[in-house]
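K.L.:
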Amino acid sequence: MRLLSLHALERIDAGERANGISAMAKRYACNAAEKAVSSAMHVFGAMGISQELGLERVFRDVRMLAIPDGTYEILTLIAGRELTGVPAYRA
Ligand SMILES: Cc1cc2nc3c(=O)[nH]c(=O)nc-3n(C[C@H](O)[C@H](O)[C@H](O)COP(=O)(O)OP(=O)(O)OC[C@H]3O[C@@H](n4cnc5c(N)ncnc54)[C@H](O)[C@@H]3O)c2cc1C
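Going by the working numbering, the sequence shown opens with residue 605, and the numbers climb by one from there.
(1) Which residues bound the alpha helix (DSSP H) around TYR632?
(2) On a Cα-Cα basis, can you pick out the residue from ALA637, ALA692, GLY619, LEU610 that is closest to ILE625?
(3) Quick one: what does DSSP say GLY684 is sitting in, helix, strand or coil?
(4) May I ask you to verify whether the region 646-657 touches the region 670-685, counting CB pairs closer than 8 angstroms and requiring at least 3?
(5) Count the other C-beta atoms from every protein chain shown that fall within 10 angstroms of the C-beta of VAL690, then say buried if there are 16 or more, exposed otherwise.
(6) DSSP state of TYR676, grouped into three classes?
(7) Exposed or buried, what is ALA618 when buried is set at 16 or more other beta-carbons lying within 10 Å of its beta-carbon?
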């Protein structure tokens, strides 16, 4: 996650386009966060869904990250376009 983000930032600093790698970094990071919180919920069982731990709040918040600034599907289309040079849509 960190390496992908740093790689994208390095490209931007160099004045290059980084749409594809940025899309990969965001998708990977959000997905990893969702999996981590989901695992924590699993480990804590009923306490995970209680309001005491605050985990249920993080669980809801983390799901939101995958919507603004590019949903997974759109990020995948962006990364695919950069890797293959072929846009998903043609005019
Ligand atoms: C809290 C919040 C803050 C926001 N802040 C900003 C902001 O600051 N600036 C800004 O510009 N926008 C902002 N947005 C808008 C945000 O970028 C869009 O809501 C987001 O990109 C999803 O677009 P949409 O809601 O039109 O969903 P839709 O485009 O209707 O997508 C609905 C679902 O269909 C999927 N989908 C859509 N098209 C395709 C396709 N071609 N192939 C496969 N699947 C597809 C999507 O992945 C998604 O799962 C914000 C939204 C929210 C919820």
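We put the beta carbon where it would ideally sit given N, CA and C, even for glycine.
P.N.:
Taking the coordinates as given:
(1) For TYR632, the enclosing alpha helix (DSSP H) stretches over residues 623-653.
(2) Cα-wise, what sits closest to ILE625 is LEU610.
(3) Three-state result, GLY684: helix.
(4) Contact between the region 646-657 and the region 670-685 is not established, with fewer than three Cβ pairs separated by less than 8 angstroms.
(5) Around the beta carbon of VAL690, fewer than 16 other beta carbons sit within 10 angstroms, so the residue counts as exposed.
(6) DSSP places TYR676 in the helix class (H, G or I) of the three-state scheme.
(7) Answer is exposed; the Cβ neighbour count stays below 16.
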